[in-house]
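Visitor:
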Amino acid sequence: MDERRVGVGAGLGAYALWGVFPLYFPLLEPAGGLEIVAHRVVWSLLFVGLLLTVRRGWSQVRSVVTDRRALLVLAVAAVLIAVNWLVYVYAVNSGHVVEASLGYFINPLVSVLFGVVFFRERLRRLQWLAVAIAVVAVLVLTVDYGHPPWISLALAVSFGLYGLMKKLVRVDAAPGLFVETAVVFLPALAVIGVLGAQGEAAFGTAGVGNGLLLASSGLATAVPLLLFAAATRRVPLSTVGLLQYVTPLIQLAIGVFVYHEPMPPARLVGFAVVWLALAVFTADMLRNAHSNRRAAAPLPAGV
9 MDERRVGVGA
19 GLGAYALWGV
29 FPLYFPLLEP
39 AGGLEIVAHR
49 VVWSLLFVGL
59 LLTVRRGWSQ
69 VRSVVTDRRA
79 LLVLAVAAVL
89 IAVNWLVYVY
99 AVNSGHVVEA
109 SLGYFINPLV
119 SVLFGVVFFR
129 ERLRRLQWLA
139 VAIAVVAVLV
149 LTVDYGHPPW
159 ISLALAVSFG
169 LYGLMKKLVR
179 VDAAPGLFVE
189 TAVVFLPALA
199 VIGVLGAQGE
209 AAFGTAGVGN
219 GLLLASSGLA
229 TAVPLLLFAA
239 ATRRVPLSTV
249 GLLQYVTPLI
259 QLAIGVFVYH
269 EPMPPARLVG
279 FAVVWLALAV
289 FTADMLRNAH
299 SNRRAAAPLP
309 AGV
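For the sequence shown, my numbering begins at 9 and goes up steadily by one.
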């Protein structure tokens with residue numbers, strides 16, 4: 009029970025930190041989205057490298073680097089998470105926090121679909137129903153926005169594919185993040201250098217406070233991922249699946265109540281349909297987890 013409480017606490021911490029990112033990224037302005045992502049890569053690499061040194065985890069990095077398949081998969085994952093970060097920072101700093109939250113609401117359903125497409129997983133009836141309801145929600149929101157909610161879809165698809173890549177290799181959070189950020193480290197440095205040469209960089213020109221905030225992006229990136237890894241090792245995936253809704257709920261609340269983004273009736277209906285899909289999906293997940301526990305329970309003595 010102590011391990012379970014630690015796992016739930018770590019999971020809540022990770023998802024809560026991800027949830028308050030819409031309050032954090034505007035603090036990094038006047039840095040633009042591309043510069044923010046570049047600094048996030050550079051400082052994440054440095055922070056995780058220090059962490060690996062303290063924890064003596066470099067042997068895990070070496071084992072990944074010498075495995076060509078794992079290295080290739082993590083290289084693809086690096087590109088996908090960089091795209092996800094760029095879209096997310098753009099969404100937050102351009103006043104689309106609500107649309108970004110929608111992306112993380114529908115992400116579990118996108119991941120389920122990827123399981124069908126790439127791993128030939130078979131969905132249960134309620135899972136198919138949840139996916140169908142989510143498609144209806146996207147159509148409703150397309151009518152409301154006047155175009156497909158591309159920010160939501162880009163976030164859900166990029167993070168879903170990132171999760172798919174991570175499923176293909178078994179690497180701990182810190183070594184995996186180090187390799188991923190190392191893959192895009194040189195392009196990130198190039199972006200910072202070009203922006204600086206053109207006089208468009210905020211780092212070094214917008215004051216010491218802004219520079220320290222940009223440097224803190226490495227910590228802000230690594231800590232939730234490490235907490236998430238700690239949670240997945242201690243609690244069932246069904247519990248982690250429920251905890252993940254904390255992030256988009258916080259983001260939605262920030263978008264509506266802090267940034268006063270519009271939520272017209274049609275958009276509210278679209279979100280309500282998404283929540284219905286998630287309710288069906290969650291009910292099926294809990295029922296299946298309960299059935300599996302009962303099946304795995306030892307038979308009473310004498311039976």
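Virtual Cβ for every residue (Gly too), placed ideally from N, Cα, C.
(1) Please classify T74: is it buried, with 16 or more other beta-carbons within 10 angstroms of its beta-carbon, or exposed?
(2) Considering A198, what are the terminal residues of the alpha helix (DSSP H) in which it resides?
(3) CA-CA distance, T247 and A205?
(4) With distance defined between alpha-carbon atoms, name the residue in V139, F122, H155, A190 nearest to V165.
(5) Determine contact between the stretch 35 to 52 and the stretch 251 to 269, defined as no fewer than three beta-carbon pairs at a distance below 8 Å.
(6) Using 8 Å for Cβ pairs, my map puts G15 next to R242. What's the rounded Cβ distance?
(7) Are the stretch 156 to 174 and the stretch 83 to 90 in contact at 8 Å, needing three or more beta carbon pairs?
(8) Contact check, F211 vs L222 under 8 Å by CB: the rounded distance?
(9) Candidates V282, F55, V95: which alpha carbon is nearest L257's?
(10) When DSSP labels each residue in this structure, what does H47 get in the three-state scheme?
(11) Roughly how many angstroms lie between the CA atoms of V106 and A261, to the nearest whole one?
(12) Please name the residue in G168, F127, V62 whose C-alpha comes closest to that of I89.
(13) If you measure between the beta carbons of G226 and S52, is that distance less than 8 Å?
(14) Excluding sequence positions up to five away, which residues of its chain have a Cβ less than 8 Å from the Cβ of I200?
(15) Please give the ranges of any beta strand (DSSP E) in the stretch 267 to 301, keeping only runs that are unbroken, at least 3 residues long and fully inside the region.
(16) Pick out whichever of L131, L149, V69 has its Cα sitting closest to the Cα of A280.
(17) Checking 8 Å against the spacing of the C-beta atoms, do L163 and L233 come in under that value?
(18) I need the DSSP call for R76, collapsed to helix, strand or coil.
(19) Which word fits R275, buried or exposed, when buried means at least 16 other C-beta atoms lie within 10 angstroms of its C-beta?
(20) Helix, strand or coil for E208, going by three-state DSSP, please let me know.
(21) Would you decide whether E11 is buried or exposed? Buried here means 16 or more other CB atoms lie within 10 Å of its CB.
(22) Under DSSP, the alpha helix (DSSP H) around Q259 begins and ends at which residues?
(23) Taking S67 as the reference, which of V179, L20, A18 has the closest Cα?
(24) Taking DSSP as the reference, what is the three-state secondary structure of S102?
(25) Which residue comes first and which comes last in the alpha helix (DSSP H) that contains P30?
(26) Are the stretch 138 to 153 and the stretch 284 to 292 touching by the rule of at least three beta carbon pairs closer than 8 Å?
(27) When the Cα of A18 is compared with those of P34, A297, L94, A238, which residue comes out closest?
Guide: This is what the structure gives:
(1) exposed
(2) 193 to 205
(3) 48 Å
(4) F122
(5) no
(6) 3 Å
(7) yes
(8) 5 Å
(9) V282
(10) helix
(11) 8 Å
(12) G168
(13) yes
(14) E43, A46, H47, V50, A209, F211
(15) none
(16) L149
(17) no
(18) helix
(19) buried
(20) coil
(21) exposed
(22) 254 to 261
(23) V179
(24) coil
(25) 29 to 32
(26) yes
(27) A238
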